[in-house]
Amino acid sequence: MEIEEKNERPFLNVIKWTIPVLLFCLLVLMILFTPSFQNIAFKVKSLFSGSLASETTSLVGIEKLELRSQRNINSIEMKLEKLKPVKPYIVVNTTENRFSLRNANGDTIRTGACSTGKNELLIAGNKKIVFKTPKGMFAVQNKQEDRPWIKPDWAFIEDGLPIPSARSASRIDYSMLGDYALSIGDGYMLHGTLYQRFLGLPVTHGCVRLGDKDLEVIYHTLSKGSKVFIY
Amino acid sequence: MKNKLSFWVITSVLSIFVIYALINTVLIPALSKNPLPKATVQIKDEKGKTGKVENINPKDDTIPDSLVSHNSKDAKMKLFELRKREVLLHSRLTLANEDSMYLVLDLINNIAILEMKGVSLHECRIIDSNISNSIKMYQTETLLNWMAEPFTVKHVEATIPKIVFIEKIAPKDTIEANKVQVEPAMPKLGDVYIVMDFDRNLRLVISQTEKPDAEGKKLISDLRWKYQRIEIKRTLQSFIKFNREPAMPQIDIVLPKSDATILYKALPLNPKMILRM
Numbered sequence: 000m001e002i003e004e005k006n007e008r009p010f011l012n013v014i015k016w017t018i019p020v021l022l023f024c025l026l027v028l029m030i031l032f033t034p035s036f037q038n039i040a041f042k043v044k045s046l047f048s049g050s051l052a053s054e055t056t057s058l059v060g061i062e063k064l065e066l067r068s069q070r071n072i073n074s075i076e077m078k079l080e081k082l083k084p085v086k087p088y089i090v091v092n093t094t095e096n097r098f099s100l101r102n103a104n105g106d107t108i109r110t111g112a113c114s115t116g117k118n119e120l121l122i123a124g125n126k127k128i129v130f131k132t133p134k135g136m137f138a139v140q141n142k143q144e145d146r147p148w149i150k151p152d153w154a155f156i157e158d159g160l161p162i163p164s165a166r167s168a169s170r171i172d173y174s175m176l177g178d179y180a181l182s183i184g185d186g187y188m189l190h191g192t193l194y195q196r197f198l199g200l201p202v203t204h205g206c207v208r209l210g211d212k213d214l215e216v217i218y219h220t221l222s223k224g225s226k227v228f229i230y
Numbered sequence: 000m001k002n003k004l005s006f007w008v009i010t011s012v013l014s015i016f017v018i019y020a021l022i023n024t025v026l027i028p029a030l031s032k033n034p035l036p037k038a039t040v041q042i043k044d045e046k047g048k049t050g051k052v053e054n055i056n057p058k059d060d061t062i063p064d065s066l067v068s069h070n071s072k073d074a075k076m077k078l079f080e081l082r083k084r085e086v087l088l089h090s091r092l093t094l095a096n097e098d099s100m101y102l103v104l105d106l107i108n109n110i111a112i113l114e115m116k117g118v119s120l121h122e123c124r125i126i127d128s129n130i131s132n133s134i135k136m137y138q139t140e141t142l143l144n145w146m147a148e149p150f151t152v153k154h155v156e157a158t159i160p161k162i163v164f165i166e167k168i169a170p171k172d173t174i175e176a177n178k179v180q181v182e183p184a185m186p187k188l189g190d191v192y193i194v195m196d197f198d199r200n201l202r203l204v205i206s207q208t209e210k211p212d213a214e215g216k217k218l219i220s221d222l223r224w225k226y227q228r229i230e231i232k233r234t235l236q237s238f239i240k241f242n243r244e245p246a247m248p249q250i251d252i253v254l255p256k257s258d259a260t261i262l263y264k265a266l267p268l269n270p271k272m273i274l275r276m
């Protein structure tokens, strides 16, 4: 009998000592994962107090509040509707270099690849020039066919050329912008490109370059004042 | 005998610690504290008056049959849902009048929408989502008051940069310019894990569906550990100070990597968000 008890002791000891070990583990877990434990506590709390408390008590009061809410909802929806574009508009995604042309109802008419700013910082002595497409809401300010590009200073700096005078003929490039150009302000445009193979890549100096066919549709769909959303 | 004594001492001390930790860090914060603070703007009717039953036009006393509920609980539920919708639309209108892009998190339809001026710019499907019980448990005025105005990001951390500028020194001449010209390529998309801490005690965690690569895994686990460390520190401090606040209510969403990147890069530095749930 004594021999049996002695043999059982190590086994019982192990079982006995698992209790403090488990307690210690629980304590460590509680410290490491307090938010998860709290989450469980919130769940338990919700099971005991899942009530729909409201300041209203009577059914008539509730129904009046319902009416007021419904009236407010209708009013806000009307205001939101008024904010939406009344003309077709274009949405440009600069991360994926894609555009989506939509009608006034918000339905997509055409989607396709475009090229946006290359996010480059050109350092020329003390000058720092940023090539990026601005984000936000813009409006078409004017539309032009066969618009020549008047090269700004950075175009010469980037090519390692001397900067000519402001009225120099070397600043004019007749082919760079393609058949159509839609200006959205601050020198930024939606225009065509000679580099069709780069469509879908971020390669521009800030403008949005489009493929010839896409540009033609966009040019004829958007009018002066049409919204241009760039994100 | 000595072994027995040490067992009881250790077990007792640990039990006391566990109970103390349970009460101090779990039960008291969960049971006694409200993790959803009120918005500064309370729900108002569209004419600008704070809503009271007495303000309602007497003409409205004639209630259409469709609006009469025979069950008080159903009626309260219907009113609650209507008021939630009202709050959402009100926030949407507020943000649509601003000049920034904002995020609409529709957890009912599982869609995240990038909006500006009320126009949906980019919509993406939320593959998976999880809402803390500390938010889910409230089906009351507390929730409405919490959601009463758009949430504004106070602090954001992500494993991807908002924007990367490639620095280029201007070439001296055309020969050098030709040398530095490289074939353009799409920038590599890094693995995405974003933590946005909003005002009114809300944390939004955006992660990607795709399995991250080794580098991404490390960045993600580092960021996760950083936030977990803060909670551990708070818990340990509360053992002495006895003031553990509830953990920040959290919404976790999983999006495709490309969508998460688009949203993060498009949103301004301190973006606003509307929650539909």
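One line per chain: the protein sequences are Y and X, in this order.
230 is the number that numbering that gives the first Met the number 0 gives the last residue of the first sequence; the numbers go up by one with no jumps.
276 is the number that numbering that gives the first Met the number 0 gives the last residue of the second sequence; the numbers go up by one with no jumps.
Yeah, the Cβ is synthetic: ideal placement off N, Cα and C, and Gly gets one too.
Determine the extent of the alpha helix (DSSP H) in which residue i is found, giving its start and end residues.
i: X/I134; result: 132 to 135
i: X/D258; result: 256 to 265
i: Y/G135; result: Run containing Y/G135: none in the alpha helix (DSSP H); it sits in the beta strand (DSSP E), 135 to 138.
i: X/D221; result: 213 to 240
i: Y/N92; result: From DSSP, Y/N92 is part of no alpha helix (DSSP H) but of the beta strand (DSSP E) over 88 to 92.
i: X/L30; result: 27 to 31
i: Y/S45; result: 33 to 47
i: X/V17; result: 1 to 20
List the residues of chain Y that residue i touches, going by C-beta distances under 7 Å, in chain order.
i: X/E166; result: L120, I122
i: X/E85; result: S68, N71, I72
i: X/M185; result: L200
i: X/K171; result: G159
i: X/F16; result: L26
I want to verify the contact list: residues of chain Y whose CB lies under 9 Å from the CB of residue i, in sequence order.
i: X/I162; result: N118, K131
i: X/S220; result: Residues of chain Y passing the Cβ test: none, with the nearest at roughly 15 Å.
i: X/D98; result: G135, M136
i: X/V118; result: L82, K83, P84, Y88, V90, R101, G105, M136, K226, F228
Rounded to a whole number of angstroms, what is the C-alpha to C-alpha distance between residue i and residue j?
i: X/I159; j: X/S133; result: 29 Å
i: Y/I18; j: Y/L25; result: 10 Å
i: Y/G159; j: Y/W153; result: 10 Å
i: X/V8; j: Y/I30; result: 22 Å
i: X/N175; j: X/P255; result: Residue identity differs from the one stated: residue 175 of chain X is Glu in this sequence, not Asn. Going by the C-alpha atoms only, they are around 41 Å apart.
i: X/L274; j: Y/I14; result: 51 Å
i: X/A259; j: Y/T33; result: 28 Å
i: X/A38; j: X/A184; result: 46 Å
i: Y/S68; j: X/E244; result: 35 Å
i: X/L262; j: Y/L82; result: 22 Å
i: X/L142; j: X/K116; result: 26 Å
i: X/S237; j: X/N23; result: 7 Å
i: Y/Y179; j: X/F79; result: 53 Å
i: Y/E215; j: Y/G191; result: 9 Å
i: X/D64; j: X/Q138; result: Note that X/D64 scores a pLDDT of 45, beneath 50, so its modelled location is shaky and nothing firm can be said.
i: X/E97; j: Y/K44; result: 39 Å
Since residue i is in the beta strand (DSSP E), which residue starts that stretch and which ends it?
i: X/K271; result: 271 to 275
i: Y/R146; result: Looking at the DSSP string, Y/R146 is not in any beta strand (DSSP E), and its letter there is neither H nor E.
i: Y/L121; result: 119 to 123
i: Y/A112; result: 107 to 114
i: Y/K127; result: 126 to 130
Can you list, in chain order, the residues of its chain whose CB lies under 6 Å from that of residue i, leaving out five sequence neighbours each side?
i: Y/P133; result: none
i: X/L120; result: L113
i: Y/V207; result: V91, C113, T115, L189
i: Y/L79; result: none
i: Y/H204; result: F130
i: X/S206; result: Y192, V253
Interface residues of chain X around residue i at Cβ under 8 Å?
i: Y/S45; result: N132, K135, M136
i: Y/W16; result: F6
i: Y/Q249; result: Look at the range of chain Y in this structure, 0 to 230, and you will see that residue 249 of chain Y is not part of it.
i: Y/T192; result: None at all; the shortest Cβ gap to chain X is about 12 Å.
i: Y/E144; result: Chain X residues near Y/E144: none, gap ~28 Å exceeds 8 Å.
i: Y/F10; result: Going along chain X, no residue has its Cβ under 8 Å from Y/F10, so there is no contact; the nearest lies around 15 Å.
Which bits of chain Y does residue i rub up against, with CB to CB less than 8 Å?
i: X/A74; result: L58, I61, E62, E65
i: X/E175; result: G159
i: X/T10; result: I18, P19, L22
Which same chain residues, not among the five before or five after residue i, have their C-beta less than 7 Å away from its C-beta?
i: Y/N102; result: P87, I108
i: X/L222; result: E156, T158, Y192, V194
i: X/A246; result: E230
i: Y/K150; result: R170, D172
Can you find a heavy atom of the ligand MG that lies under 8 Å from the Cβ of residue i?
i: X/L87; result: As for the ligand MG, it is missing from this structure, which has no ligand bound.
Leaving aside the five residues before and after residue i along the sequence, list all residues of the same chain whose C-beta is less than 8 Å from its C-beta, in chain order.
i: Y/I162; result: D152, F155, I156
i: X/K210; result: none
i: X/A29; result: S133, P245
i: X/K3; result: none
i: X/S99; result: M115, P267, P270, K271
For the region 142 to 224 of chain Y, which segments carrying the alpha helix (DSSP H) assignment without a break, of at least 4 residues, lie completely within its bounds, in sequence order? 152 to 157, 211 to 220
Please go through the region 77 to 162 of chain X and give each complete beta strand (DSSP E) segment of 3 or more residues, from N-terminal end onward. 101 to 105, 110 to 115, 118 to 124, 127 to 130, 150 to 157
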